[in-house]
Structure formats: structure tokens, C-alpha cells
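Have a look at the structure below, then the notes.
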Amino acid sequence: DAMVIQNPRYQVTQFGKPVTLSCSQTLNHNVMYWYQQKSSQAPKLLFHYYDKDFNNEADTPDNFQSRRPNTSFCFLDIRSPGLGDAAMYLCATSRDRGDYSYEQYFGPGTRLTVT
Amino acid sequence: DQQVKQNSPSLSVQEGRISILNCDYTNSMFDYFLWYKKYPAEGPTFLISISSIKDKNEDGRFTVFLNKSAKHLSLHIVPSQPGDSAVYFCAAFSRDDKIIFGKGTRLHILP
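Residue numbers (this note's numbering), protein chains in the order written: chain Z, 14 to 128; chain H, 100 to 210.
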């Protein structure tokens with residue numbers, strides 16, 4: 014089945030220790046997104062890639078970086094995690110944006126705990 | 100400043116009755132709206148969408164209504180079924196490529 018895969022599902026890291034979350038997709042979609050969702054809050058868009066074109070949201074902290082080495086994979090790097098970065102991180106894809114195909118396909122998320 | 104608001108954190112509806120989930124928005128640049136459904140331990144899944152050029156879109160048991168003048172949309176589920184128990188997120192896209200989600204409404208379908 015075509016899908017969006019996130020590994021690991023649960024990640025524990027220490028305060029200040031860099032961590033990388035990964036996302037892969039078998040849908041061959043052009044657009045990939047990273048969202049942060051804290052408890053009882055709305056998912057908040059951090060970045061998105063339209064193909065290799067990187068788009069950073071204005072209020073995404075510099076502590077968060079992303080890489081998309083190819084169509085299938087996208088990584089979220091948190092350079093120095095703080096306690097406030099503990100959250101669910103959701104990866105999503107969409108076929109395109111120009112034709113109003115805004116339907117996004119989400120992975121199951123990675124729950125990050127910072128100790 | 101929440102641009103997309105789902106003011107009811109939770110809603111309980113009897114099985115077989117109509118469920119109505121509401122969403123309000125403030126940004127007139129939004130021109131495409133979606134509803135997502137989320138079960139525990141899973142990512143959100145797309146349910147139904149509507150463009151701002153329409154006022155209604157229907158897909159089986161699910162209908163989304165858009166009232167642009169009131170900046171309000173609603174999702175109707177009829178009849179409600181036990182498998183509809185989930186968290187429902189409203190999301191809005193704007194012409195300047197902003198994507199904003201609401202906080203979600205947890206729907207409980209009662210037997």
C-alpha cells in the first residue's frame with residue numbers, strides 16, 4: 014500500500030542533544046510537510062518542500078532544520094532540543110499545490126520526549 | 100491569534116443522529132478548506148474538502164457547508180456511526196500558501 018512512514022514512532026532525547034526524525038513516502042508526491050503538534054493544540058506547519066524548493070514558515074525556530082535528499086525522504090533535525098520541543102511531529106505529503114490538490118496524506122507521527 | 104477556530108473541544112451524539120462540527124475562520128485570504136479525521140495513534144486522514152467558490156460539498160454521509168459571509172464552515176455526518184468517534188480537524192489554505200489547522204473537536208458517538 015502506498016503510504017507515509019515515520020520512524021521512529023517514539024523518540025526520547027536529552028535536553029540539548031541533537032535529534033533527527035525521518036519520513037518516507039511511497040506515494041511519489043511532490044510536496045512534503047513537517048508539522049508540530051502539542052497536546053490539545055492544532056498541528057502547526059514548520060516547513061514544506063515543493064519538490065526541492067524549501068519553504069520555511071516565518072515563525073519556525075532556527076533550532077529546526079529540514080532536509081529532503083530525494084523525492085521519497087524528508088528529515089527533521091532539531092539541533093538543540095529544549096523541553097518545549099516535546100511534541101508529536103507529523104509528516105505529510107500532497108500530490109501538488111498548483112491544481113488545488115491540497116489533500117494531504119499524513120504519517121502516524123513521531124512523539125518526541127525531551128528529558 | 101487563532102485564525103481557524105473550532106470552539107467545541109468535544110461533542111457527543113447518539114448513534115444514528117446527525118453530528119454537526121463547526122469551524123470559524125478570520126482570514127479572508129483562505130480559499131480552500133478541508134476536514135481531517137484522526138484516530139488515536141494514527142495521523143490525520145483526509146475526509147472532505149470545499150473550495151471557496153462553492154457553498155456545499157457532499158460525499159456519502161459527509162457534507163461540508165461553507166458560509167463565506169460568516170466565515171464559517173460546518174461538517175455534517177448523517178447518520179452517525181460508532182466508527183465516526185474520532186478527533187476532527189478543520190484546516191484552511193490561503194492564496195499566499197498558508198496552511199492553518201484548528202485545534203480539533205473530539206466526537207463521541209453514543210450507542
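Every residue, glycine too, gets a C-beta built ideally from N, C-alpha and C.
Would you kindly report the start and end of the unbroken beta strand (DSSP E) that includes residue i?
i: His175/H; result: His171 to Ile176
i: Thr128/Z; result: Premise fails: Thr128/Z is in no beta strand (DSSP E) and is neither H nor E.
i: Asp99/H; result: The structure shown does not extend to residue 99/H, since chain H spans only 100 to 210, so no value can be given for it.
i: Phe28/Z; result: Premise fails: Phe28/Z is in no beta strand (DSSP E) and is neither H nor E.
i: Asn166/H; result: Phe161 to Asn166
i: Asn156/H; result: Lys155 to Asp158
i: Gln113/H; result: Ser109 to Gln113
i: Leu133/H; result: Phe129 to Lys137
i: Ala100/Z; result: Ala100 to Ser107
i: Ser118/H; result: Ser118 to Tyr124
i: Asn20/Z; result: Val17 to Asn20
i: Ser148/H; result: Thr144 to Ser150
i: Leu96/Z; result: Element bounds for Leu96/Z: n/a, residue is neither H nor E.
Is it right to say residue i is buried, meaning 16 or more other beta carbons lie within 10 angstroms of its own, or is it exposed?
i: Lys136/H; result: buried
i: Pro143/H; result: buried
i: Ile208/H; result: buried
i: Val25/Z; result: exposed
i: Phe67/Z; result: exposed
i: Phe60/Z; result: buried
i: Leu146/H; result: buried
i: Ser118/H; result: buried
i: Gly201/H; result: buried
i: Gln27/Z; result: exposed
i: Asp154/H; result: exposed
i: Leu11/Z; result: Because chain Z is modelled from 14 through 128, residue 11/Z falls outside the range shown and cannot be assessed.
i: Gln101/H; result: exposed
List the whole-angstrom C-beta distance separating residue i from residue j, where the pair is believed to meet the contact cut-off of C-beta under 8 Å.
i: Phe188/H; j: Asp130/H; result: Incorrect: roughly 18 Å between the Cβ atoms, too far for contact.
i: Met45/Z; j: Tyr62/Z; result: 5 Å
i: Val186/H; j: Thr162/H; result: Not confirmed; about 19 Å, so no contact.
i: Tyr118/Z; j: Val17/Z; result: 5 Å
i: Pro94/Z; j: Val127/Z; result: 5 Å
Next item on the list: Return the chain-ordered ranges of every alpha helix (DSSP H) run that is complete within the stretch 36-88 of chain Z and spans a minimum of 4 residues.
Entry: none
Next item on the list: Using a Cβ-Cβ cut-off of less than 8 Å, give me the residues of the stretch 137-152 of chain H that come near chain Z, in sequence order.
Entry: Ala140, Glu141, Gly142, Pro143, Thr144, Phe145, Ser148 and Ser150
Check: Just by C-beta distance, which residues in the stretch 37-56 of chain Z are closer than 7 Å to chain H?
Finding: Ser53, Gln54, Ala55 and Pro56
Margin query: Which residues of the stretch 108-136 of chain H have a Cβ closer than 7 Å to any Cβ of chain Z? Give them in chain order.
Written below: Tyr131 and Leu133
Checklist line | Contact residues within the stretch 190-202 of chain H, judged by C-beta distance below 9 Å to chain Z | finding: Ala190, Phe192, Asp196, Lys197, Ile198, Ile199, Phe200, Gly201 and Lys202
Note to self: At a CB distance below 8 Å, what residues from the stretch 87-103 of chain Z approach chain H? Give them in sequence order.
What the structure shows: Leu103
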